[in-house]
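**Q** Protein chains in written order, with this note's numbering: chain A, 1 to 155; chain B, 156 to 488.
Please find one structure pasted underneath; my questions will follow.
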Amino acid sequence: MNKKSSVVLRWQIRIYQLSILVLIVSGLGQMPLFKRYAVSDIPGMAWTADFYVQHVLHYLGASVFLFLVLQWAAFFPRFKRSYSLTLWGWLRVSAVVLIIGSGFFRVLKNLPSWSFSPEATMVIGWSHLAAAMLFGLLALTAKLSGNATYLIPKK
Amino acid sequence: MHETADKIPLCKGAISRRCFLQTAGMGAAVLALPGASSTAATTSSQTEELATVLDLSQCIGCAACVEACREVNAHKYPEPKKPFPAMFPERVKVEDWSDRRFTDNRLTPYNWLYIQTVSGEYQGKPFELHIPRRCLHCQNPPCANLCPWGSALRQSNGIVRINEDICLGGGKCRDVCPWHIPQRQTGVGLYLKLMPRFAGNGVMYKCDRCYDLLAQGGLPACIEVCPMQIQSIGPRSEMLAKAHALAEDMNGFVYGEQENGGTNTFYVSPVPFDLLDQAAEKGPGRPHLAPVQDSMAKAGNLTWAVFAAPLAGIAAGLLTGARALSREDNADE
Ligand code: SF4
Ligand code: SF4
Ligand code: SF4
Chain A
1 MNKKSSVVLR WQIRIYQLSI LVLIVSGLGQ MPLFKRYAVS DIPGMAWTAD FYVQHVLHYL
61 GASVFLFLVL QWAAFFPRFK RSYSLTLWGW LRVSAVVLII GSGFFRVLKN LPSWSFSPEA
121 TMVIGWSHLA AAMLFGLLAL TAKLSGNATY LIPKK
Chain B
156 MHETADKIPL CKGAISRRCF LQTAGMGAAV LALPGASSTA ATTSSQTEEL ATVLDLSQCI
216 GCAACVEACR EVNAHKYPEP KKPFPAMFPE RVKVEDWSDR RFTDNRLTPY NWLYIQTVSG
276 EYQGKPFELH IPRRCLHCQN PPCANLCPWG SALRQSNGIV RINEDICLGG GKCRDVCPWH
336 IPQRQTGVGL YLKLMPRFAG NGVMYKCDRC YDLLAQGGLP ACIEVCPMQI QSIGPRSEML
396 AKAHALAEDM NGFVYGEQEN GGTNTFYVSP VPFDLLDQAA EKGPGRPHLA PVQDSMAKAG
456 NLTWAVFAAP LAGIAAGLLT GARALSREDN ADE
């Protein structure tokens with residue numbers, strides 16, 4: 001979101017960024033990488049190889065992320081008159097929608113009362129990972145190309 | 156991946172072999188219908204999970220079940236390519252069982268079931284019990300829930316299995332399984348086509364409850380072949396009732412009902428399981444028999460937060476928007 005804009009509170013942006021950091025670390029931590037690459041051997045970092053800790057962290061990060069994103073989505077229509085989403089804003093919002101959609105099914109899959117076919121289980125896992133990578137790529141490109149702004153005031 | 160055996164409807168009432176075969180066959184027929192398998196989700200209200208009861212007092216340790224398992228599932232076993240790709244970093248070890256395919260005194264990628272023989276003394280009498288050990292097919296399996304790649308999965312009929320076509324062999328399923336059941340073979344699977352040096356390490360293997368045989372109307376090989384008929388398979392509620400009745404009969408104990416929040420394997424023993432656990436040889440590929448807390452309980456408790464957060468966010472957003480609107484209106488006046 002545009003830091004210069006008064007539409008979104010600065011402290012909320014900070015928490016949003018923090019939740020993304022938690023989601024990235026715990027997202028990577030879902031894969032057995034931290035142990036393989038000895039990150040968990042660094043004193044104080046053993047938790048990075050604890051899959052249960054990482055899973056709980058991912059759910060906590062996702063809860064904060066979802067709260068903020070849906071809050072902004074709910075009040076955005078109110079500001080539509082005076083602000084519009086930039087192209088890079090649209091692209092990243094679309095990736096976030098994909099992340100949330102695939103993440104919803106991921107959480108559903110983890111409930112014992114829900115089962116999915118092997119193909120669907122694969123699609124759910126892969127699409128969540130792909131959506132997260134797409135968002136990361138878009139965010140990085142937007143930042144590097146000076147297009148980080150989500151909202152611009154309408155003339 | 157082999158043919159899917161999801162969503163098999165089951166007989167109500169006492170389960171006979173005939174009834175079992177009929178219903179399993181029906182399951183296969185339903186799956187053959189166009190679109191049947193694309194309806195991905197079913198709830199447990201539509202199908203009851205399959206569970207097994209093992210009467211340990213009857214097992215003679217003949218290992219016919221182990222042999223049958225190996226024979227029937229041989230076509231699913233790994234055929235690794237050698238030499239294996241060099242791993243980075245070097246500390247990542249290959250796990251190669253391809254030259255030890257006939258090891259049968261522990262779980263391996265080529266041995267999904269083994270007989271754990273335990274002896275000792277209980278109530279002043281010596282005992283020796285043989286325990287067929289394999290995956291317990293947990294109701295809320297951490298191996299499937301935490302698999303980041305969508306490879307390990309739980310079917311609506313309670314079978315937990317690993318999709319060997321896409322498993323990368325990272326071994327997370329083994330780490331999070333309270334019994335460390337799945338076993339790795341290096342040098343096979345999808346990782347070879349991705350970044351074999353840097354990620355993945357083969358494919359994980361474990362008992363898949365002979366899901367393909369079930370789909371064709373058969374029984375799991377280990378159940379079918381047992382000369383003592385120590386195993387029964389059927390809807391969980393019935394198998395649980397059977398396990399309790401057996402335990403009552405022999406003044407015995409049940410393992411698997413509460414463990415890890417509930418599994419679909421019930422071991423019934425005349426000797427308490429803590430005693431068996433103490434006496435059992437344990438280690439890699441040789442699972443324990445200790446009590447197990449529900450591994451997914453913490454994450455399960457957080458699920459409500461994940462579902463409630465967006466709703467709370469929408470409510471907060473609407474409220475914020477409404478406040479901003481009223482502030483603007485006031486300013487306009
Ligand atoms: S075949 Fe039956 S009796 Fe023989 S070891 Fe297996 S379970 Fe025990
Ligand atoms: S026993 Fe282990 S491998 Fe089997 S379903 Fe449970 S967690 Fe998964
Ligand atoms: S159910 Fe099938 S795969 Fe599992 S132990 Fe028995 S024979 Fe082996």
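Positions of the beta carbon are idealized from the N, C-alpha and C atoms, including for glycine.
Starting from H128/A and walking both ways along the alpha helix (DSSP H), at which residues does that stretch end?
**A** P118 to L144
**Q** Determine, using beta carbons only, whether T48/A comes closer than 8 Å to chain B.
**A** It does not; no Cβ of chain B falls within 8 Å.
**Q** So, is the C-beta of V331/B closer than 8 Å to a C-beta in chain A?
**A** yes
**Q** To the nearest whole angstrom, what separates the beta carbons of K154/A and S84/A, a pair I think is in contact under 8 Å?
**A** With a Cβ gap of about 6 Å, K154/A and S84/A count as contacting.
**Q** Report yes if the C-beta of A370/B is less than 7 Å from at least one heavy atom of ligand 3; otherwise report no.
**A** It does not: the Cβ of A370/B is nowhere closer than 7 Å to a heavy atom of ligand 3.
**Q** Taking only heavy atoms of ligand 2 into account, decide whether any of them is closer than 7 Å to the Cβ of K361/B.
**A** yes
**Q** Taking 7 Å as the line, does the beta carbon of V56/A fall inside it for any heavy atom of ligand 3?
**A** V56/A Cβ: outside cutoff for every heavy atom of ligand 3.
**Q** From the DSSP output, in three-state form, read off V8/A for me.
**A** coil
**Q** So with Cβ pairs under 8 Å, would you call T121/A a contact of chain B?
**A** yes
**Q** Could you spell out where the beta strand (DSSP E) holding R316/B opens and where it closes?
**A** Where R316/B is concerned, the enclosing beta strand (DSSP E) starts and stops at V315 to I317.
**Q** Under a CB-based cut-off of 8 Å, is P112/A close to chain B?
**A** P112/A belongs to the set of residues whose beta carbon lies under 8 Å from a beta carbon in chain B.
**Q** Can you give, in chain order, each stretch of the alpha helix (DSSP H) that sits fully within the region 372-396 of chain B and has at least 4 residues?
**A** 376-380
**Q** Taking 7 Å as the cut-off, is the beta-carbon of I314/B closer than that to any non-hydrogen atom of ligand 2?
**A** Because no heavy atom of ligand 2 lies under 7 Å away, the Cβ of I314/B does not count as near it: no.
**Q** Would M31/A pass as an interface residue toward chain B - the criterion being a Cβ-Cβ separation below 8 Å?
**A** yes
**Q** Per DSSP, which residues does A206/B bridge with? Please list them.
**A** Beta-bridge pairing links A206/B to G389/B.
**Q** Which residues of the region 69-100 of chain A have a Cβ closer than 9 Å to any Cβ of chain B? Give them in chain order.
**A** V69, L70, Q71, W72, A73, A74, F75, F76, P77, R78, F79 and I100
**Q** Give a yes or no on whether the C-beta atoms belonging to F149/B and G326/B are separated by under 8 Å.
**A** In the structure as shown, chain B begins at 156 and stops at 488. Residue 149/B is therefore absent and cannot be evaluated.
**Q** Determine, using beta-carbon pairs with one atom in the region 128-135 of chain A and one in the region 51-68 of chain A, whether at least three such pairs fall under 8 Å.
**A** no
**Q** Measure the Cβ-Cβ separation of E276/B and P390/B and say whether it is below 8 Å.
**A** Cβ atoms of E276/B and P390/B: not closer than 8 Å.
**Q** So with CB distances below 7 Å, who are the chain A contacts of W304/B?
**A** The answer, in chain order, is G125.
**Q** At 7 Å on the CB atoms, spell out the chain A contacts of S392/B, in chain order.
**A** Neighbours of S392/B on chain A: none; closest Cβ ~15 Å, over 7 Å.
**Q** Would you check if the region 261-273 of chain B and the region 292-299 of chain B touch, i.e. whether three or more CB-CB distances between them fall below 8 Å?
**A** Because the criterion of three Cβ pairs below 8 Å is not met, the region 292-299 of chain B and the region 261-273 of chain B do not touch.
**Q** Could you round the C-beta distance between L301/B and F105/A to whole angstroms and report it? I think they count as a contact, below 8 Å.
**A** Contact doesn't hold; Cβ gap of about 16 Å is too wide.
**Q** Would you give the residue range spanned by the beta strand (DSSP E) that F282/B belongs to?
**A** K280 to R288
**Q** Where does P351/B land, buried or exposed, given buried means 16+ other C-beta within 10 angstroms?
**A** With 16 or more neighbouring CB atoms inside 10 Å of its own CB, P351/B falls in the buried class.
**Q** Please report how far the alpha carbon of Q386/B lies from the alpha carbon of H128/A, in whole angstroms.
**A** Rounded to whole angstroms, Q386/B and H128/A show a C-alpha spacing of 40 Å.
**Q** Does any CB atom of chain A fall closer than 8 Å to the CB of G472/B?
**A** Closer than 8 Å to some Cβ of chain A, the Cβ of G472/B qualifies, so yes.
**Q** Would you check if there are 3 or more beta carbon pairs closer than 8 Å linking the region 327-342 of chain B to the region 241-255 of chain B?
**A** yes
**Q** Would C377/B and C332/B qualify as a contact pair, given that the criterion is a beta-carbon distance under 8 Å?
**A** For C377/B and C332/B, no; Cβs fall outside 8 Å.
**Q** What would DSSP say about T149/A, mapped onto helix, strand or coil?
**A** In this structure, T149/A counts as coil in the three-state DSSP scheme.
**Q** So with CB distances below 7 Å, who are the chain B contacts of F51/A?
**A** L301, K327, D330 and V331
**Q** Look up N266/B in the DSSP assignment and say whether it is helix, strand or coil.
**A** strand
**Q** Is there a Cβ from chain B that is less than 8 Å from the Cβ of P43/A?
**A** no
**Q** Checking 8 Å against the spacing of the C-beta atoms, do P118/A and N318/B come in under that value?
**A** yes
**Q** Identify every residue that forms a DSSP beta bridge with P294/B.
**A** For the record, residue 294/B in the displayed sequence is Gln; it is not Pro. Answer is none; Q294/B lacks a bridge partner.
**Q** At least one CB of chain A closer than 8 Å to the CB of Q294/B: is that the case?
**A** yes
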